Structure formats: structure tokens, C-alpha cells
Amino acid sequence: MSCESAYDLLYYYNINAWKGTRESNHMNFQDITYFLTLCGEKTFSAAADKLFITQQGLSKAIRRMENEIGAPLFERGRKTLALTPSGEVFVRYAQEMRGIYARMRDHMERLRDERHNIRLGMTMGVPLALQAVELEQLRRALRPCELELTETTDFSCEEQVASGAIDFGVTLEPVDQKRFACVPLLSRPMYAVAPQGDPLARQQRVDVALLRGRRFVLADRQFKCYGQFHELCRRYGFTPDVAETTMETLVIYRRCLENGWIGVSADLPRVMNDCPGVVFVPFDTVEFAWNITLISAAGRQLTPFEQSVQKDIAALFR
Numbered sequence: 001m002s003c004e005s006a007y008d009l010l011y012y013y014n015i016n017a018w019k020g021t022r023e024s025n026h027m028n029f030q031d032i033t034y035f036l037t038l039c040g041e042k043t044f045s046a047a048a049d050k051l052f053i054t055q056q057g058l059s060k061a062i063r064r065m066e067n068e069i070g071a072p073l074f075e076r077g078r079k080t081l082a083l084t085p086s087g088e089v090f091v092r093y094a095q096e097m098r099g100i101y102a103r104m105r106d107h108m109e110r111l112r113d114e115r116h117n118i119r120l121g122m123t124m125g126v127p128l129a130l131q132a133v134e135l136e137q138l139r140r141a142l143r144p145c146e147l148e149l150t151e152t153t154d155f156s157c158e159e160q161v162a163s164g165a166i167d168f169g170v171t172l173e174p175v176d177q178k179r180f181a182c183v184p185l186l187s188r189p190m191y192a193v194a195p196q197g198d199p200l201a202r203q204q205r206v207d208v209a210l211l212r213g214r215r216f217v218l219a220d221r222q223f224k225c226y227g228q229f230h231e232l233c234r235r236y237g238f239t240p241d242v243a244e245t246t247m248e249t250l251v252i253y254r255r256c257l258e259n260g261w262i263g264v265s266a267d268l269p270r271v272m273n274d275c276p277g278v279v280f281v282p283f284d285t286v287e288f289a290w291n292i293t294l295i296s297a298a299g300r301q302l303t304p305f306e307q308s309v310q311k312d313i314a315a316l317f318r
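Taking the UniProt record's numbering, I'd label the letters of the sequence shown as residues 1 to 318.
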């Protein structure tokens, strides 16, 4: 056998074990441990006691190593053992092998620890903008880790990311970039929702000035569009008359049909198809748009695994 380094020894002595076909006459890492322990203890009895094996078992392991190498490792016949010239060479490789193995185990454990279930928060409505198959593709990409998906409000999503309760959040802009690292994902118009036959339904774009005096059904105050819509109306010189707020997008559409109110909603085609009888008219202003961003806590160092997950999440919205 000719080995240029401890890496060659690692391969040579363990290839059969890696393949699941290890034969009894081949060395393994346990044999290397036996050898190095014997080097340190100097006697078979002391080394066997330390290893919790019999002297016969230890002697057999050393003989097996010597037979495989083709040279004796210890000079016998003394009260304490001494290494032969072959043993002096072998011990240096064995010590290097043990160090390599320990570093490998440590590295693999760190990689294992980096992989964990991903806790993702999405503001309500965002999952409706995705196809179910897209979320399933993300779940498959994370295996064996799990995707823990939570639907929440814009502000709650941000607080959970900041506190570490979730790893990533998908929320509505604007976002405080001193608190969060942001990856823009998607930009779509916001829409006024009007019953068919309403004068607003005939417009190509929303004329905000014509909304004065109308009654509105809006998303709850925990969603940023509530405040953004109020700010938009104030720029046109009026305060919107909000008849109802809700946490459910479908309620907005139903109230428009039932009461003739005007709703405000994002572009959610999966929901739109379930609500015939209403018309969606886009707001033609960049100040009032559905801009979605992926956030993580500012200053948090993402692991390589988390960086990969971040890219996978962003790919869902392309």
C-alpha cells in the first residue's frame, strides 16, 4: 500500500465501510482510535481499560492493522511498548486522520444545525396571489426541512420578523430599512371595487376626486393599505367615509354587492374569479400600489442555507 497523505489513508481504510461492504480484515476509524490510545497508554492492559474492551480484542485489532500494513507497529517484549520505525511513520498519519475526521464531523454538524424549519410569515392576501403548485415547489425545495407558513397582517408580520418569531416575512411596502433587510418581490396596482352598473365601474382608471361622498369597505387598520388610502384621499381634500373594515378580502367584495359600497383591494385573480358582479378599476398612482417585499431582520447574518431559501422565496414571485 502506498499513501501520500492522511486523506489517502482515510479513503483507503474506510472505502468498504462507506460502500456498506466493510470486511472484517479492513481497518476503520475505531482501529485508528485503538492504535492511538495504545500509543498513549504504552501497555495493552491500560489501553484496553481506557477503551472498555478486552486485551485480547485490542491485540487482535493491532494485529489486523499490522497485517494490512505489512509491517509491525510496536516493538514487543518490553514492559512498555515502543513504536517501530513503521509505527513512527504510521502514528503521524493516524493523528492527522483523527484530526481530519474530527474537523469533518464538526463541519457536518454545523451544516446540519444550519438547516432548520423555515418560518415564513405572509401578509393576508399574498398567498392568494400565488398558485398552490408554487408553494408546493418551495416545500419540496426545503426538504427535509419544513415550511411553517403563517398568514398575518402587515404590521404583525414585521414585528414577528424583528423579534425572531419568524425567519422571513412577505409584507407590503414601505418598510423601515433600518430594521429590515428587504428584497422587492412584486408591484401591482391597487383597485377600487365597484358593483357592476356603478358609475365607477365604467372608468378605465380611478378618478380619486370622484370618490368624495362614497362609502367604503376597507382592509383592517393592521394593513398598510388602510392608512395609504386615507392619505391618498386627504391629498384630494377629503376624508374617506369608512363604513366597515375587515380581515377578509371576500368580505370586501360581498359588501360592495350587498350595499353598493366601494371597496379597495389588491389584484388577487384567484379571489376575483369567485366574485362575479363586481368590477375592478385600477388606481393609476405609484403612491398607492401593492408593492410586496421580502424582509429579514437587519443585521442578522443569514446562513448559506437561509440565503438559498431567500432566493427560492423570491423566485415564487417572478
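Quick reminder that beta carbons are idealized off the backbone N, C-alpha and C, glycines included.
Keep in mind it's a predicted model, so treat the numbers as computed, not measured.
DSSP-derived helix/strand/coil call for Asn117: Residue 117 sits at position 117 when you count from the first residue of the sequence shown. Secondary structure of Asn117 (DSSP, three-state): coil.
Check whether Gln310 and Leu302 have beta carbons under 8 angstroms apart: Here the question's residue 310 lines up with position 310 in the sequence shown. Here the question's residue 302 lines up with position 302 in the sequence shown. In this structure, Leu302 lies closer than 8 angstroms to Gln310 by Cβ.
Spatial distance of Leu51 from Val89 (CA atoms): As a position in the sequence shown, residue 51 is number 51, starting the count at 1. As a position in the sequence shown, residue 89 is number 89, starting the count at 1. Roughly 23 angstroms between the two C-alpha positions.
For Ala181 and Gly164, the rounded distance between their alpha carbons: Within the sequence shown, numbered from 1, the residue matching residue 164 stands at position 164. Within the sequence shown, numbered from 1, the residue matching residue 181 stands at position 181. Their backbone Cα atoms lie some 14 angstroms apart in a straight line.
Rounded Cβ spacing between residue 319 and Phe283 (contact assumed at less than 8 angstroms): Look at the range of the chain in this structure, 1 to 318, and you will see that residue 319 is not part of it.
Assumed close pair Phe44, Gln55 - CB separation to whole angstroms, cut-off 8 angstroms: By one-based count along the sequence shown, residue 44 stands at place 44. By one-based count along the sequence shown, residue 55 stands at place 55. So it is a contact: roughly 5 angstroms between Cβ atoms.
Per-residue burial, Leu210 [other beta carbons within 10 Å of its own, 16 or more giving buried]: For the purposes of this step, residue 210 is taken as the residue at position 210 of the sequence shown. So Leu210 ends up on the exposed side.
Terminal residues of the alpha helix (DSSP H) in which Thr33 lies: Within the sequence shown, the letter at position 33 stands for residue 33. Run containing Thr33: Phe29 to Glu41, per the alpha helix (DSSP H) assignment.
Residues that DSSP places opposite Gly263 in a beta bridge: Within the sequence shown, residue 263 is the residue found at index 263, counting from 1. Beta-bridge pairing links Gly263 to Val193 and Val217.
Thr249, DSSP secondary structure in three states: By 1-based counting over the sequence shown, the position of residue 249 is 249. Collapsing the DSSP output to three states places Thr249 in a helix.
Candidates Cys39, Met104 and Ala94: closest to Phe74 by CA position: Numbered from its first residue, the sequence shown carries residue 74 at position 74. It is Cys39 whose Cα lies nearest to the Cα of Phe74.
Check whether Val278 and Val193 have beta carbons under 8 angstroms apart: Residue numbering aside, residue 278 sits at position 278 when the sequence shown is read from its first letter. Residue numbering aside, residue 193 sits at position 193 when the sequence shown is read from its first letter. Yes.
Secondary structure of Ile295, DSSP reduced to three states: Residue 295 sits at position 295 when you count from the first residue of the sequence shown. Strand, per DSSP.
Residue interval of the alpha helix (DSSP H) (run including Leu51): Counting from 1 along the sequence shown, the entry for residue 51 is found at position 51. Note, Leu51: alpha helix (DSSP H), Phe44 to Leu51.
Distance CB(Val183)-CB(Leu294) smaller than 8 angstroms: Locating residue 183 in the sequence shown gives position 183, where the first residue counts as 1. Locating residue 294 in the sequence shown gives position 294, where the first residue counts as 1. Against a cut-off of 8 angstroms, the Cβ pair of Leu294 and Val183 comes out as a contact.
Beta-carbon proximity check, Cys233 vs Val264, cutoff 8 angstroms: Mapped onto the sequence shown, residue 233 falls at position 233. Mapped onto the sequence shown, residue 264 falls at position 264. Not in contact: Cys233 and Val264 (Cβ atoms no closer than 8 angstroms).
With 16 other Cβ atoms within 10 Å as the buried cut-off, status of Asp198: Here the question's residue 198 lines up with position 198 in the sequence shown. The residue is buried, with at least 16 neighbouring Cβ atoms inside 10 Å.
At least 3 beta-carbon pairs within less than 8 angstroms: the segment 121 to 131 vs the segment 94 to 103: no
Which of helix, strand or coil DSSP assigns to Arg234: The residue you call residue 234 lines up with position 234 of the sequence shown. In the structure shown, Arg234 sits in a helix (DSSP, three-state: H, G or I).
Reduced DSSP category for Glu287 - H, G, I as helix; E, B as strand; rest coil: Here residue 287 is taken as the residue at index 287 of the sequence shown, counted from 1. In this structure, Glu287 counts as coil in the three-state DSSP scheme.
Neighbour-count burial assignment, Glu158, 16 or more Cβ in a 10 Å radius: Position 158 of the sequence shown holds residue 158. Looking at its Cβ environment, which holds 16 or more other Cβ atoms inside 10 Å, Glu158 is buried.
DSSP three-state assignment for Gly87, whether helix, strand or coil: Within the sequence shown, residue 87 is the residue found at index 87, counting from 1. Looking at Gly87 - three-state DSSP - the assignment turns out to be helix.
Exposure label - Ala82; buried when at least 16 CB within 10 Å: In the sequence shown, counting from the first residue as 1, residue 82 sits at position 82. Counting Cβ neighbours within 10 Å, Ala82 comes out exposed, since fewer than 16 surround it.
Host alpha helix (DSSP H) of Phe155 (start-end): To locate residue 155, count along the sequence shown from 1; it is residue 155. It spans Asp154 to Ser163 - the alpha helix (DSSP H) in which Phe155 sits, taken as one unbroken run.
Alpha carbon of Thr153 to alpha carbon of Gln222, nearest angstrom: Here residue 153 corresponds to residue number 153 of the sequence shown, with the count starting at 1. Here residue 222 corresponds to residue number 222 of the sequence shown, with the count starting at 1. Roughly 6 angstroms separates the two Cα atoms.
Element boundaries [alpha helix (DSSP H), containing Val309]: For the purposes of this step, residue 309 is identified with residue 309 of the sequence shown, where counting begins at 1. In the DSSP assignment, Val309 falls within the unbroken alpha helix (DSSP H) covering Pro304 to Ala315.
Nearest to Pro72 (by Cα), restricted to the options Ala61, Arg78, Ser86 and Ser59: By one-based count along the sequence shown, residue 72 stands at place 72. Nearest to Pro72 by alpha-carbon distance, out of Ala61, Arg78, Ser86 and Ser59, is Ser86.
Chain-order list of residues whose beta-carbon lies under 6 angstroms from that of Pro304 (same chain, five-residue window excluded): In the sequence shown, the residue the question calls residue 304 occupies position 304. Same-chain partners within the cutoff: there are none.
Supposed close pair Thr246, Val217 - CB separation, criterion 8 angstroms: Taking the first residue of the sequence shown as 1, we reach residue 246 at position 246. Taking the first residue of the sequence shown as 1, we reach residue 217 at position 217. By a beta-carbon distance limit of 8 angstroms, Thr246 contacts Val217. Their separation comes to about 7 angstroms.
Start and end residues, alpha helix (DSSP H) containing Leu172: Position 172 of the sequence shown, counting from 1, holds the residue named residue 172. That residue, Leu172, is in no alpha helix (DSSP H); its beta strand (DSSP E) goes Phe168 to Leu172.
One or two residues paired with Cys182 in a DSSP bridge: Within the sequence shown, residue 182 is the residue found at index 182, counting from 1. DSSP output for Cys182 lists Ile295 as bridge partner(s).
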